[in-house]
Each structure stands twice: as structure tokens, then as C-alpha cells.
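Student: Mind looking over this structure? Questions follow.
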Amino acid sequence: MSVPEQLRYSEEHEWVAGLGPAGSTPEDDIVTVGITAHAADALGEIVYLELQVGEGGAVEAGEVCGEVESTKSVSDVYSPVSGEITAINSAVVDVPKVINDDPYGEGWLFKVRISAEPGDLLDSVAYEKLIEEG
Numbered sequence: 001m002s003v004p005e006q007l008r009y010s011e012e013h014e015w016v017a018g019l020g021p022a023g024s025t026p027e028d029d030i031v032t033v034g035i036t037a038h039a040a041d042a043l044g045e046i047v048y049l050e051l052q053v054g055e056g057g058a059v060e061a062g063e064v065c066g067e068v069e070s071t072k073s074v075s076d077v078y079s080p081v082s083g084e085i086t087a088i089n090s091a092v093v094d095v096p097k098v099i100n101d102d103p104y105g106e107g108w109l110f111k112v113r114i115s116a117e118p119g120d121l122l123d124s125v126a127y128e129k130l131i132e133e134g
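To convert, note that position 83 of the sequence shown is 83 in the UniProt record's numbering; the numbers rise steadily by one, no gaps.
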């Protein structure tokens, strides 16, 4: 399974796109968040997604902000960054299987205007090691 190098990752298996080098905040302060392919594979077919925060709402890094339900289980979704939700991907709310089909593309969950420097996010090498260690 390929782990995109340009993304940053949480230990809870969420990804963040749009951070600058070494995880620095992007110029427009907006990043995209999703669930990793590893998490989507482990969950099985995702049948339901609920985000607890809508556009304009606040999320905190490391805090639960939603849940995904699959044919196997229900799992919490954690925000890997703190800030204000600027967009929610209504396509994955309507058809959650998109997350399984394209977790790093069309399967993104939400966009956040970062309000604080990102915390301890992993680069692709560290995330691959986390997966290997189980």
C-alpha cells in the first residue's frame, strides 16, 4: 500500500494535505483532511460517515470530530489539526464508499483553516513505520 509522501499523518490514521515543508502552516492557512488508505482498508466497506462539526465550526487537534461506520465496525474520526471547518465533502457524506475507492483524492472529509501550528504529525516514512509496527 502506497503512502503519499506529500501528506502528513496522525497516529489515529488521518491525513493532512496542504502543509508546507516540515509541516509548516500553508500561506492560506487551509488544509484538507481525510482518512488514510490503511484505515479505510482496515475498516472494510464504509457505509456511513457523520461529522459532528459543520462549516464554520471549530475542531481541536486530537479530538473526536465524527465517526465512520463500516460493515465491520464503528470508528471515531479525529481532527489532526485545530481550526475552523471551511468545507465539508458532501460527496462522501452522501456516498461514504468513495473513501474506500479514493481515500487520498475524492474521499477527503473536510477542510480546515488552521488556528494553531500543527502538532506532532508524522511524515510518510514515520507513518509507514507506524503501520508496520501495527
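Every residue gets a Cβ at the ideal spot worked out from N, C-alpha and C, and that includes glycine. Every value quoted in this text rests on a predicted model; they were computed, and no experiment measured them.
1. According to DSSP, is V81 part of a helix, a strand, or is it coil?
2. Do residue 177 and S115 have their C-beta atoms within less than 9 Å of each other?
3. Report yes if the CB atom of E14 is closer than 9 Å to the CB atom of I35, and no otherwise.
4. With which residues is T36 paired in a DSSP beta bridge?
5. Give the single residue among Q6, V81 and K97 whose Cα lies nearest to the Cα of P118.
6. Just the C-alpha distance for V74 and V68, rounded to the nearest angstrom, thanks.
7. In terms of alpha-carbon separation, which member of E11, L122, A40 and G54 lies closest to T86?
8. Helix, strand or coil: which one does DSSP assign to E133?
9. So, does the CB of G107 fall closer than 9 Å to a CB anywhere in chain D?
10. Taking E106 as the reference, give the member of T32, R8 and G44 with the closest Cα.
11. Can you check whether the CB of P96 is closer than 9 Å to the CB of I46?
12. Assign V77 to buried or exposed, taking buried as 16 or more other Cβ atoms, counted over all protein chains shown, within 10 Å of its Cβ.
13. Quick one: what does DSSP say Y127 is sitting in, helix, strand or coil?
14. If you measure between the beta carbons of S2 and A37, is that distance less than 9 Å?
Tutor: Once the coordinates are examined:
1. coil
2. The requested residue 177 does not occur in the structure, where the chain is confined to residues 1 to 134.
3. yes
4. T36 is not bridged to any residue.
5. V81
6. 6 Å
7. G54
8. helix
9. Absent here is chain D; the protein component of the structure consists of one chain.
10. T32
11. yes
12. buried
13. helix
14. yes
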